[in-house]
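Enquirer:
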Amino acid sequence: MSALAAVIFDFDGVILDSETAAYESHRRIYDRCGVPLTVEEWCDQIGTYSEGEELRWFQQLCARSSHPVTREEFEAEARRLFQELAPCEPMRGIRDLLDALGEADVPAAIASTSPRGWVVPATERLGLSPMFRTIVSGDEVARRKPAPDVYLEAARRLGADPSRSVAIEDSGPGIASARAAGLKTVAIPHWLTERHELSAADLRVAHAGELTVERLATLLRQP
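Rendered as structure tokens:
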């Protein structure tokens, strides 16, 4: 197991299924205003982050609906619904995999393109903070995913060689980010990212319960 320097996790859609809550909260508001919000148009932006993203969804609603809500109502209702819909437990297999990494003394980290003000408190609420040596968020680096910055910074903080580390991702931009940083990659497609281009991943599984420390270590022996 010593060959495996570190395992670095994406957060949204890998550790916590916040992606379903984010989509569904917006879809419900659109539906109340009489217009659809399709999975196809939503999934394209998963794995990236933009400060103006929420405004864009509101402006799109206004352009489509003859009776939209105000921006203040839109943002308040989106927050309320998200908090109502967000799960209280990590995604399948995550806790067991983190336990196994801890037992094998393989350091784990989070490399997320989301803001630190979301990722750190959410990790704490899940009771997972002690299992991660460090958390790197998108607002702590110069460039967000698909740039490699968050993965390079996570590896630097861990003192881990990226070429001996594995990233666990659910999106196309995330896979591109980790590969650009030199990590081996595991894709766990979320139902909202199944349409993403994930073929560049070194391994694809249905959920984290299919992963073991041994299986992750074998990826380092692949060309």
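Okay, so the sequence shown: first residue is 4 according to the numbering used here, each after it adds one.
Cβ atoms here follow ideal geometry from the backbone N, Cα and C, with glycine treated the same way.
1. Does residue 229 pass the burial test, meaning 16 or more other C-beta atoms within 10 Å, or should it be called exposed?
2. Looking at residue 226: is its Cβ nearer than 8 Å to the Cβ of residue 179?
3. Just mark residue 112 as buried or exposed, buried being the case when its beta carbon has 16 or more other beta carbons within 10 Å.
4. May I ask you to report which of helix, strand or coil DSSP gives residue 185?
5. Could you work out which residue in 196, 81 and 35 is closest to residue 67 when comparing CA atoms only?
6. For residue 170 versus residue 181, is the C-beta spacing smaller than 8 Å?
7. In three-state DSSP terms, what is residue 4?
8. Tell me the DSSP secondary structure of residue 56 in three-state form.
9. Would you mind reading off the limits of the alpha helix (DSSP H) that contains residue 32?
10. Identify which residue in 89, 176, 39 and 28 has its Cα closest to the Cα of residue 57.
11. Hey, residue 177 and residue 13: beta-carbon distance below 8 Å or not?
12. What is the rounded straight-line gap between the Cα of residue 172 and the Cα of residue 69?
13. For the putative contact between residue 8 and residue 167, defined by C-beta atoms under 8 Å, what is the C-beta separation to the nearest angstrom?
14. Output needed for residue 65: all residues of its chain with C-beta closer than 7 Å, excluding positions within five of it in sequence on either side, in chain order.
15. Using the DSSP secondary-structure output, state which residues sit across from residue 12 in a beta bridge.
16. Ordered along the chain, which non-local residues of its own chain (more than five positions away) have a Cβ less than 7 Å from that of residue 4?
17. Please classify residue 199: is it buried, with 16 or more other beta-carbons within 10 angstroms of its beta-carbon, or exposed?
18. Among residues of its own chain, excluding the 5 on either side of residue 157, which ones have a beta-carbon nearer than 7 Å to its beta-carbon?
19. Quick check on residue 195: does DSSP put it in helix, strand or coil?
Expert: Here's the rundown:
1. Residue 229 lies beyond the residue range present for the chain, which begins at 4 and ends at 226; the question has no answer from this structure.
2. As a position in the sequence shown, residue 226 is number 223, starting the count at 1. As a position in the sequence shown, residue 179 is number 176, starting the count at 1. In this structure, residue 179 does not lie closer than 8 Å to residue 226 by Cβ.
3. Numbered from 1 along the sequence shown, position 109 holds the residue referred to as residue 112. That one is buried.
4. Position 182 of the sequence shown holds residue 185. Residue state, collapsed to three classes: coil.
5. Indexing the sequence shown from 1 puts residue 67 at position 64. Looking at the Cα atoms, 35 is the closest of the given residues.
6. Locating residue 170 in the sequence shown gives position 167, where the first residue counts as 1. Locating residue 181 in the sequence shown gives position 178, where the first residue counts as 1. For residue 170 and residue 181, yes; Cβs fall inside 8 Å.
7. Numbered from 1 along the sequence shown, position 1 holds the residue referred to as residue 4. Here residue 4 scores only 42 on pLDDT, less than 50, and its place in the model should not be relied on; the value that follows carries that caveat. In this structure, residue 4 counts as coil in the three-state DSSP scheme.
8. Counted from its first residue, the sequence shown places residue 56 at position 53. Residue state, collapsed to three classes: helix.
9. Stepping through the sequence shown from its first residue, residue 32 is reached at position 29. That run of the alpha helix (DSSP H) goes 21-35.
10. Within the sequence shown, residue 57 is the residue found at index 54, counting from 1. Nearest C-alpha to residue 57: 28.
11. For the purposes of this step, residue 177 is taken as the residue at position 174 of the sequence shown. For the purposes of this step, residue 13 is taken as the residue at position 10 of the sequence shown. Yes, the pair counts as a contact, with Cβ atoms nearer than the cut-off.
12. Sequence index remark: in the sequence shown, residue 172 carries index 169 (1-based). Sequence index remark: in the sequence shown, residue 69 carries index 66 (1-based). Between residue 172 and residue 69, the C-alpha separation is close to 39 Å.
13. In the sequence shown, residue 8 corresponds to position 5, counting from 1. In the sequence shown, residue 167 corresponds to position 164, counting from 1. Contact holds; Cβ gap of about 4 Å.
14. As a working mapping, residue 65 is identified with position 62 in the sequence shown. Closer than 7 Å at Cβ, skipping near neighbours: 71.
15. Here residue 12 refers to the residue found at position 9 of the sequence shown. The partner list for residue 12 (beta bridge, DSSP) reads 113 and 171.
16. Translated into the one-based positions of the sequence shown, residue 4 becomes position 1. With a pLDDT of 42 at residue 4, under the threshold of 50, the modelled position of that residue is not reliable, and the figure given next carries that caveat. 107, 109, 216 and 220, listed in sequence order.
17. Position 196 of the sequence shown, counting from 1, holds the residue named residue 199. Flag for residue 199 reads buried.
18. By one-based count along the sequence shown, residue 157 stands at place 154. Closer than 7 Å at the Cβ level, and outside the excluded window around residue 157, lie 11, 112, 114, 137 and 139.
19. Working through the sequence shown from its first residue, we reach residue 195 at position 192. In the structure shown, residue 195 sits in coil (DSSP, three-state: anything other than H, G, I, E or B).
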